[in-house]
Each structure stands twice: as structure tokens, then as C-alpha cells.
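Asks: First the structure, which I've put down as C-alpha cells, then a few questions once you've had a look.
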Amino acid sequence: MKITKHIKTCPIELVVDLFRKKWVIHIIRDLFYGKTRFNEFKEGKPELSNKVLSNCLKDMEDNGLIHRVVDKFDKRDIRYKLTDKGKSLNKVLYEIAMLTVESGNYSDKLKDELKISFRENLL
1 MKITKHIKTC
11 PIELVVDLFR
21 KKWVIHIIRD
31 LFYGKTRFNE
41 FKEGKPELSN
51 KVLSNCLKDM
61 EDNGLIHRVV
71 DKFDKRDIRY
81 KLTDKGKSLN
91 KVLYEIAMLT
101 VESGNYSDKL
111 KDELKISFRE
121 NLL
């Protein structure tokens, strides 16, 4: 049986489409590592403009990966959190990270540190 006859879009393609925009995977990783605010997502990414980050966060929200939380006492205090759908990417990201760590040219010490970091934050 050919699976392509029964589905119009490949499920793998749908997931890959979520990551097509350059910054989505960076933001998801940052959320798993505890960042929640607009300016925190920009840290270490000087080439990421406010406009691009705003658009990316909006797209992620529209795709159900994150939700925006506005403090009821201070409307300027906005945080972003992973939805259940966004959180479900943890295992996928962990496996991608492990593939890269294992096949990369990292020292054994750095490999161990990376594995621990990803295990603690993604699993």
C-alpha cells in the first residue's frame, strides 16, 4: 500500500514546516531552557531584529506552539510559554541534539556536558 495515496501531506513534512523559519527552533530551545521574554530570545543573536522576532513569535502562536501571557497588572509584562503541542517537541529536539553531538567533532568532555544539558532541559 502506498501511503502517499492516503494522505495529502506527509506528517514529517508538516513538522519540518514548523521549523522552516530560521529562528523558530532557536526560540523553542530557549523556551525549554527557561527563557520567556522577548529580550531574552534576542540574547546572543545580534542579527535577529525586533520585527523578525515579533513575526516569528506570532507565527508560532498561530501554529499553537506557544501562547502569550500578559500580566494583568502590567500589560507591558509579556511572557511566552510553550503549549502542550510545543512541549511535545522535546523528544524530537533531544534526538536531533544527540545525533549532532554523537556525530560532531566535540571533545569527550564537551559531549558529556552537552548530553547532560540537553537531557536536563529537554527530557
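Be aware that the sequence shown starts at 1, since it is given in full-length UniProt numbering, and climbs by one per residue.
For glycine and all other residues, C-beta sits at the position ideal for the given N, C-alpha and C.
L89: buried (16+ other C-beta within 10 angstroms of its C-beta) or exposed?
Replies: Counting Cβ neighbours within 10 Å, L89 comes out buried, since at least 16 surround it.
Asks: Do you know how far the Cα of V15 is from the Cα of E102?
Replies: Taking the straight line joining both Cα atoms gives about 23 Å.
Asks: With DSSP collapsed to three states, give me the class of V16.
Replies: Helix, per DSSP.
Asks: How many whole angstroms separate the CB atoms of I66 and L31, which I take to be in contact at a CB cut-off of 8 Å?
Replies: Right, the Cβ-Cβ distance comes to about 7 Å (below 8 Å), so this counts as a contact.
Asks: Does DSSP put L82 in a helix, in a strand, or in coil?
Replies: It is a strand residue.
Asks: R76 by DSSP, collapsed to three states: which one?
Replies: Looking at R76 - three-state DSSP - the assignment turns out to be coil, as it is neither helix nor strand.
Asks: Just to confirm my understanding: we take D59, look at its own chain, exclude 5 residues before and 5 after, and list those with CB closer than 7 Å. What are they?
Replies: So the list reads K21, once near-sequence residues are dropped.
Asks: Within its chain, find whatever has a CB closer than 6 Å to the CB of L93; leave out the 5 residues flanking it on each side and keep chain order.
Replies: Cβ within range, chain order: L122.
Asks: Which residue marks the beginning of the alpha helix (DSSP H) containing D119, and which one marks its end?
Replies: The question names Asp, but residue 119 is Arg in the sequence shown. Counting along the chain, the alpha helix (DSSP H) containing R119 begins and ends at D108 to L122.
Asks: What residues are listed by DSSP as bridge partners for R67?
Replies: What sits at residue 67 in the sequence shown is His, not Arg. Paired residue(s): K81.
Asks: What three-state label does DSSP hand L57 in the structure shown?
Replies: Reduced to three states, the DSSP call for L57 is helix.
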